[in-house]
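In this note's numbering, the protein residues as written are 4 to 206. Glycine included, each C-beta is placed from N, C-alpha and C at the ideal position. All values reported here derive from a predicted model rather than from experimental measurement.
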Amino acid sequence: MAIRVVVVEGMGLLRGALSAALSRQPDIEVVAEASDVAGLAEVVGRACPDVVVLGLPPETSPQGVAEIADLGRAASGAAVLALSTRWNPALLRAAVAAGVRGFLGKDGPIDELVQMVRSSAAGERVIDPRAVVAALRPAACPLTRRELEVLRMVAEGMPLKETAERLFLAHGTVRNHLSAILHKTGTRNRVEAIRRAQRDGWL
Numbered sequence: 004m005a006i007r008v009v010v011v012e013g014m015g016l017l018r019g020a021l022s023a024a025l026s027r028q029p030d031i032e033v034v035a036e037a038s039d040v041a042g043l044a045e046v047v048g049r050a051c052p053d054v055v056v057l058g059l060p061p062e063t064s065p066q067g068v069a070e071i072a073d074l075g076r077a078a079s080g081a082a083v084l085a086l087s088t089r090w091n092p093a094l095l096r097a098a099v100a101a102g103v104r105g106f107l108g109k110d111g112p113i114d115e116l117v118q119m120v121r122s123s124a125a126g127e128r129v130i131d132p133r134a135v136v137a138a139l140r141p142a143a144c145p146l147t148r149r150e151l152e153v154l155r156m157v158a159e160g161m162p163l164k165e166t167a168e169r170l171f172l173a174h175g176t177v178r179n180h181l182s183a184i185l186h187k188t189g190t191r192n193r194v195e196a197i198r199r200a201q202r203d204g205w206l
């Protein structure tokens, strides 16, 4: 019997390319596609795949990976094979905890993806060595210890005034730290800065 696969990828061209490449294999059948995880539990529940090839968006944080755990339950134990352009230790640990069975970089060769689909369908855990190397060598954190403290408190929902009091700083100093954080991380606002820090394992 053919290995039943659901392909999940936000970029339409990449999703189509993945589906086409997998469909060309005589032992693999792409039974459904999706652009994101919204409503995916229903899709995999209906399609009954053996493997879910899940492309993670670049901004995916370790917290965002937790919802992957729902896929395994909805698909009655289907293997989840996660693809990402940027692995880091926190994201890798979160994916393992969520039940992901395979890890691959989005820039990996298609032949490797095909083999990983077959291996994960057979119950094996498959890891692209490049993903491990990327996880062990995450992007260096450009923030100072104090800036990380400020960002961590903001991420916890603490108001700036209380953050300043907790860190024994002036309110204006906290604002200056936030400005520096946005500049160093190349983000536009606090939410983006928090997501970037979580994604790269700084928080």
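Residue i, DSSP secondary structure in three states
i             : result
serine 87     : strand
arginine 128  : coil
leucine 181   : helix
glycine 108   : strand
proline 92    : helix
aspartate 203 : coil
glutamate 195 : helix
leucine 146   : coil
leucine 43    : helix
leucine 172   : coil
alanine 81    : coil
alanine 97    : helix
valine 68     : helix
glutamate 159 : coil
Residue environment, residue i, which counts as buried when at least 16 other CB atoms sit within 10 Å
i              : result
asparagine 192 : exposed
methionine 119 : buried
aspartate 30   : exposed
glutamate 165  : exposed
threonine 63   : buried
serine 182     : exposed
histidine 174  : exposed
serine 125     : Note that residue 125 is alanine in the sequence shown here, rather than serine. Exposed, by the Cβ-count rule.
arginine 7     : buried
For residue i, the nearest candidate out of the options (CA to CA)
i              : options                        : result
aspartate 53   : Glu36, Val40, Val83            : Val83
proline 92     : Arg18, Val34, Ala134, Leu163   : Ala134
glutamate 195  : Leu154, Gly175, Gly108         : Leu154
arginine 27    : Leu59, Leu95, Gly108, Asp114   : Asp114
tryptophan 205 : Val177, Ala143, Met156, Lys164 : Ala143
glycine 102    : Gly111, Pro60, Val129, Pro112  : Val129
alanine 50     : Gln201, Ala97, Ala35           : Ala35
serine 122     : His174, Ala44, Val56, Ala20    : Val56
glycine 111    : Met4, Leu16, Leu21, Ile6       : Leu21
alanine 23     : Arg198, Arg89, Leu116, Gly105  : Leu116
arginine 104   : Leu94, Thr88, Arg89, Glu127    : Glu127
leucine 170    : Val99, Leu151, Ile184          : Leu151
methionine 4   : Leu17, Arg18, Glu32            : Glu32
isoleucine 197 : Glu159, Ala44, Ala81, Asp131   : Glu159
glycine 189    : Glu168, Leu146, Thr176, Val177 : Leu146
alanine 100    : Glu45, Gly15, Ala85            : Ala85
arginine 89    : Leu59, Arg148, Glu168          : Leu59
Residues sharing a beta bridge with residue i, DSSP
i             : result
glutamate 36  : Val10
glycine 3     : In the structure as shown, the chain begins at 4 and stops at 206. Residue 3 is therefore absent and cannot be evaluated.
isoleucine 31 : Ile6
Any non-hydrogen atom of the ligand MG within 8 Å of residue i CB
i         : result
valine 56 : The ligand MG is absent from the structure shown, which contains no ligands of any kind.
inquiry  = Counting beta carbon pairs with one atom in the stretch 34-48 and one in the stretch 6-14, are three or more of them shorter than 8 Å?
reply    = Because the criterion of three Cβ pairs below 8 Å is met, the stretch 6-14 and the stretch 34-48 touch.
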